[in-house]
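For the record, the sequence lines run as chains G and A.
Under my numbering, think of the first position of the first sequence as 326, with each following residue one higher.
Under my numbering, think of the first position of the second sequence as 122, with each following residue one higher.
Shown next, in structure tokens, is the structure this report addresses.
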Amino acid sequence: MGKYILKRIGYILLSLYLIITATFVLMRLAPGSPFASERRIPPALEQQMNEAYGLNDPIHKQYIEYVVNAFTFDFGPSFKFVGQEVTDIIFRSFPYSLVLGLEAMFIALGIGVLLGVIAAIRHNKFSDYIAMVIAVLGISVPSFIMASILQYVFAIKLEMFSVARMESFADTILPAVALATTPLAFIARLMRSSMLDVLNSDYIKTAKSKGMSQRVVTYKHGLRNAMLPVISYMGPLIASILTGSFIIETIFGIPGLGSEFVTSITNRDYTVIMGTTVFFGILLLFSVLIVDLIYGLIDPRIKLTAKGGEK
Amino acid sequence: MAHPQLTSTDFEPLLTNKAELEKISGKSTSYWKDAWRRFRKNKLALAGIFVILLLGIMAFNGAKMSGHNFKDNDLMATNQTMSKDHWFGTDTLGRDIFARTWEGAKISLFIGLMAAFLDLIIGVIWGAVAGYFGGKVDEYLMRIADILYGLPYLLVVILLMVLMGQGIWTMIIAMVITGWINMARIVRGQVMQLRSEEYVLASRSLGASNSRLLFKHLIPNTLGPILVTLTLTVPNAIFTEAFLSFLGLGVPMPHASWGVMTSDAIGAFQYYPYQLFFPAFFICLTMLAFNVIGDGMRDALDPKGRK
């Protein structure tokens, strides 16, 4: 087990190193100096600024310094917003994204599992079809379109919510729903097929023939085992919600990390791009690792250390 | 299924001649025929194919039908609603949305199919080689895949788009760099399972070369899962294109992709919601069509699949 975790962390560090190197190359290869789009500045001043940002050092020295800094989580100052450290930007905006992301995960898991279970219990009946229509539509409607529809219907036409504001809990409902749409649909489909699998298995028949009530059989015996694939979907779920937040936060005007990332792309603010990318990378890779470990704990049939086999 | 009317003649012995008893009556059904028979029953999937074909036809002829060019702007006719002249109206720059929609269809379908095709080529060869040779080869190939797989897909695509500049091909390349891994993993798993089958052993003992075994026996037999993965890659690529265009990293200016149109329309959709409606509707329709085709194929190709 310990060996397995070490191996996985090794992979994660390798992946992170790749991301960091890629972002560094990106910054060097990008045309023009980071100050090019500012007002024309005297060459002496530009020289001074390059000096201050360490852009005059030989390239390998910059690279090593950058990698070391990245691993100590120091990305230097923003190129566009003078006086702001990248780390400050990340920690200022992340709480918004965290709240939104958790809310979206809660919605996706709760409603997705519910839909899947209903569909499986009422297999091939009307509610099954309704649930699956919702699921297929949810997969086919991209989150940013969902966001616009929600905004149009609930904020503009019905005026139930504000269009774009981030002050109270009510303001987070629409973006969280938009963010949850696609993963919700995935979870519903996953849940339906695994629940169908479980409900047809022998131990469920045994439980039924012992005279247990339908409710106990479904929820106590069926649901617990059918939840396993959903738990293994948690990694992709986190990834989907993270990347979904880029657009959703921009549309709804939420000052979170996602919209900060998008702004830095439009501004070509390289230090912020690199910082947020590495941060997203860390977040994603470690949450996938944690999900895998939890999965191994919950389902003892899964041997994480098994060689060659499918995980 | 309706039960056929049975009469006593149905229970007569089929053949009386001893020599013919061993003959198989009725045509044998191949795997693909069987799959097609099952697929045909799935009305939704058939409708999906029909929609895609229709979109394909419109992508090449739609712009001509309207009599407008997708990039011509008419500043005297901006933000018009649907009319005889502009069937889907015009956008904020006075460009005809009908013509732009089909130009967008061309680009979205091209990106989706091309990305899926490149994923297919790289993924199948990579996965088949890893699965077939096993051992050290497998370990190295899959380790590379594992590391790339650990990189978050959209982040990589976004980084590459910033790095390589905008363009249709850079977008496709960015998608393929991490997109092929899924295919490779599926093919590898299948090939590993199949390579110990007896027909492979038989073919090998008859002197078949590695490449013949791979391309004649192993890959054709994994075609089912490959096709399903392929169909589900297309909507993913179309989504990624729309997503990137929405972020302003998509196809460059004169082109009109659905993502670009959506992102253009969102600024004004409070006043002109129809401008958002058309590209959004077609993105959803295309993704929906590919998704139901993929589902239909999975049901048809997997003999163990439940109804």
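For every residue, glycine included, the Cβ atom is placed at its ideal position computed from N, Cα and C.
Just so we're clear, the structure is a prediction, and the values are computed from it rather than from any experiment.
Opposite residue i in the DSSP bridges: which residues?
| i | result |
| --- | --- |
| Asp217 of chain A | A:Thr211 |
| Glu410 of chain G | G:Pro402 |
Determine, using beta carbons only, whether residue i comes closer than 7 Å to chain A.
| i | result |
| --- | --- |
| Ala631 of chain G | Unreliable placement is indicated for Ala631 of chain G, whose pLDDT of 46 sits below 50; the coordinate value is still reported in the next sentence. Answer no: the Cβ-Cβ gap between Ala631 of chain G and chain A never drops below 7 Å. |
| Thr346 of chain G | no |
| Ile330 of chain G | no |
| Ile572 of chain G | yes |
| Thr602 of chain G | yes |
| Leu434 of chain G | no |
| Ser473 of chain G | yes |
| Ser519 of chain G | no |
| Gly634 of chain G | Reliability fails at Gly634 of chain G, whose pLDDT of 40 lies under 50, so the model's placement of it is uncertain and the value that follows must be treated cautiously. Closer than 7 Å: no. |
| Ser465 of chain G | yes |
| Phe404 of chain G | no |
| Thr588 of chain G | no |
Considering only their Cβ atoms, is the gap separating residue j from residue i smaller than 7 Å?
| i | j | result |
| --- | --- | --- |
| Ala358 of chain A | Gly244 of chain A | no |
| Ala236 of chain A | Met285 of chain A | no |
| Ala410 of chain A | Ile173 of chain A | yes |
| Leu521 of chain G | Tyr558 of chain G | no |
| Thr350 of chain A | Met304 of chain A | yes |
| Met418 of chain A | Pro356 of chain A | no |
| Met179 of chain A | Trp223 of chain A | yes |
| Thr352 of chain A | Ile414 of chain A | yes |
| Met509 of chain G | Ile464 of chain G | Met is not the amino acid found at residue 509 of chain G; the sequence shown has Leu there. It is not a contact, given that the beta carbons lie outside the stated cut-off. |
| Ala347 of chain G | Leu167 of chain A | no |
| Pro367 of chain G | Phe360 of chain A | no |
| Leu397 of chain A | Ser538 of chain G | no |
| Ala456 of chain G | Ile470 of chain G | no |
| Gly380 of chain A | Ala363 of chain A | yes |
| Val308 of chain A | Thr354 of chain A | no |
| Ala429 of chain G | Leu504 of chain G | yes |
| Ala433 of chain G | Arg517 of chain G | no |
| Ala266 of chain A | Ile302 of chain A | yes |
| Thr596 of chain G | Val411 of chain G | yes |
| Ala249 of chain A | Ile340 of chain A | yes |
| Asp624 of chain G | Leu553 of chain G | yes |
| Phe367 of chain A | Ile572 of chain G | yes |
| Leu475 of chain G | Leu499 of chain G | yes |
| Asp240 of chain A | Gly288 of chain A | no |
Using a beta-carbon distance below 7 Å, is residue i in contact with chain G?
| i | result |
| --- | --- |
| Pro369 of chain A | According to the sequence provided, residue 369 of chain A is Gly. The question's Pro does not apply to it. So, interface residue. |
| Ile268 of chain A | yes |
| Met408 of chain A | yes |
| Ala251 of chain A | no |
| Ala363 of chain A | yes |
| Asn357 of chain A | no |
| Leu176 of chain A | no |
| Ala401 of chain A | yes |
| Leu280 of chain A | yes |
| Phe398 of chain A | no |
| Gly426 of chain A | For Gly426 of chain A, the predicted model reports a pLDDT of 49, less than 50, meaning its position is unreliable and no value from the coordinates is stated. |
| Asn303 of chain A | no |
| Asn163 of chain A | no |
| Phe360 of chain A | yes |
| Asn412 of chain A | yes |
| Leu353 of chain A | no |
| Leu230 of chain A | no |
Give a single yes or no on whether residue i has its beta carbon closer than 6 Å to a heavy atom of the ligand GTP.
| i | result |
| --- | --- |
| Ala433 of chain G | Within the structure as shown, the ligand GTP is missing, as the structure has no ligands at all. |
Exercise. What are the complete beta strand (DSSP E) segments, minimum 3 residues, inside the segment 411–459 of chain G?
Worked result: none
Exercise. Should the segment 432–450 of chain G be regarded as contacting the segment 580–589 of chain G, the criterion being three or more beta carbon pairs within less than 8 Å?
Worked result: With the cut-off at 8 Å, the segment 432–450 of chain G and the segment 580–589 of chain G do not touch.
Problem set entry | Any alpha helix (DSSP H) of 4 or more consecutive residues that is wholly inside the segment 248–284 of chain A | Whole alpha helix (DSSP H) segments, 4+ residues: 256–271.
For this session: Could you tell me whether the segment 389–403 of chain G touches the segment 594–606 of chain G, using the rule of 3 or more Cβ pairs below 8 Å?
Result: yes
Problem set entry | Secondary structure, beta strand (DSSP E): runs of 3+ residues fully inside the segment 508–564 of chain G | none
Exercise. Counting pairs of Cβ atoms below 8 Å between the segment 326–343 of chain G and the segment 250–260 of chain A, do you hit three or more?
Worked result: no
For this session: Check whether the segment 416–429 of chain G touches the segment 570–580 of chain G, taking contact to mean three or more Cβ pairs, one atom from each stretch, closer than 8 Å.
Result: yes
Problem set entry | Whole runs of the alpha helix (DSSP H) within the segment 379–405 of chain A, excluding any shorter than 4 residues | 379–387
Problem set entry | At least 3 beta-carbon pairs within less than 8 Å: the segment 558–574 of chain G vs the segment 497–511 of chain G | yes
For this session: Would you mind listing the alpha helix (DSSP H) stretches within the segment 310–378 of chain A that are 4+ residues and don't spill past its ends, in chain order?
Result: 319–326 and 344–367
Exercise. Which ranges does the beta strand (DSSP E) cover as unbroken runs of at least 3 residues, wholly within the segment 558–600 of chain G, from first to last along the chain?
Worked result: none
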